[in-house]
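Worksheet: the structure to be examined is printed underneath.
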Amino acid sequence: MKNKIAIVTGGSRGLGKDMALSLAKKNIDVIVTYNQNKEMAEDTVKELQQLGVKGAAIHLNMSDFNSLDNFVANVQSTLTSTFENTHFDFLINNAGMGQTVPFVDVTETIFDEFLNVHFKGVYFLTQKLLAHMNEGGSIINISSGTTRFSNPGYSVYASMKGAMEILTKYLAKELGAKGIRSNIVAPGPVETDFNNAAIRNNPPFKAMLGNMSPLGRVGAADDLGGVIAFLCSEDAKWINGQRIEVSGGINC
Numbered sequence: 473m474k475n476k477i478a479i480v481t482g483g484s485r486g487l488g489k490d491m492a493l494s495l496a497k498k499n500i501d502v503i504v505t506y507n508q509n510k511e512m513a514e515d516t517v518k519e520l521q522q523l524g525v526k527g528a529a530i531h532l533n534m535s536d537f538n539s540l541d542n543f544v545a546n547v548q549s550t551l552t553s554t555f556e557n558t559h560f561d562f563l564i565n566n567a568g569m570g571q572t573v574p575f576v577d578v579t580e581t582i583f584d585e586f587l588n589v590h591f592k593g594v595y596f597l598t599q600k601l602l603a604h605m606n607e608g609g610s611i612i613n614i615s616s617g618t619t620r621f622s623n624p625g626y627s628v629y630a631s632m633k634g635a636m637e638i639l640t641k642y643l644a645k646e647l648g649a650k651g652i653r654s655n656i657v658a659p660g661p662v663e664t665d666f667n668n669a670a671i672r673n674n675p676p677f678k679a680m681l682g683n684m685s686p687l688g689r690v691g692a693a694d695d696l697g698g699v700i701a702f703l704c705s706e707d708a709k710w711i712n713g714q715r716i717e718v719s720g721g722i723n724c
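All residue numbers for the sequence shown refer to the working numbering, where the first residue is 473 and numbers rise by one.
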């Protein structure tokens, strides 16, 4: 029996990489995408293979809306050549970008880049990939704790993530007839290289955020992967249309 297959966008490092490895531990084959660092993506594929599953890496630039059709074509050919399949089961829309910009300093260029990467690109990529997705699969989008509590400098980022939370509910409603579930996971502060490693590179900021959680720390990449793997399992077959915050109880 063939393994199920997941696509994890932005899966070559950080949260996405841990999601990919956590899926592999559940015997799920994984396609990861990368934007700039092909070598890092290939290293992730090797780690997937060491866990006993098939893996592949495909380039994806979410800020280039016109490249989506080419990416979907590459997914089709990779499914056939690497996985001996024509369809996949799970789509984890994780790829993103970060930038702390006060509201008064946001330009149209910055706004449009966030729009393409975090909402428009995800919206239409999901639409384009749907024809290649098995019935009974699952879509998992990634949001942010900043849709629940405000963090100055995140007005654009959080607004796009808020839009994704609404989209997730509509996907759950409209794709339910195909047995496709749709949920969204909202991480709290996580120590990765996201947003130029803003948390890791600023110990006082990291300590402040950690003190806001009842557990006394910020998140780590491996705090998220298991949640994603769970949502792709039969154990989560009745979870649909939900926002699941994984933040250690920050601002609870």
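The beta carbon of each residue, even a glycine, is placed where N, CA and C say it ideally should be.
Under DSSP, F560 forms a beta bridge with M605. For A635, the enclosing alpha helix (DSSP H) starts and ends at S627 to L647.
In terms of Cα proximity to R653, the closest of V662, L639, D515 and E663 is L639. By the beta-carbon neighbour count (other beta carbons within 10 angstroms, threshold 16), C704 is buried. Distance check between L681 and each of M636, I722, L643 and E514 places I722 closest, using alpha-carbon atoms only. A direct Cα-to-Cα measurement between M491 and V578 gives close to 31 Å. Distance check between L563 and each of L602, K650 and E717 places L602 closest, using alpha-carbon atoms only.
T554 and A528 do touch by the CB rule: their CB atoms are close to 5 Å apart, below 8 Å.
Taking the Cα positions, D515 is about 12 Å away from Y506. N565 and S494 have their C-alpha atoms some 15 Å from each other.
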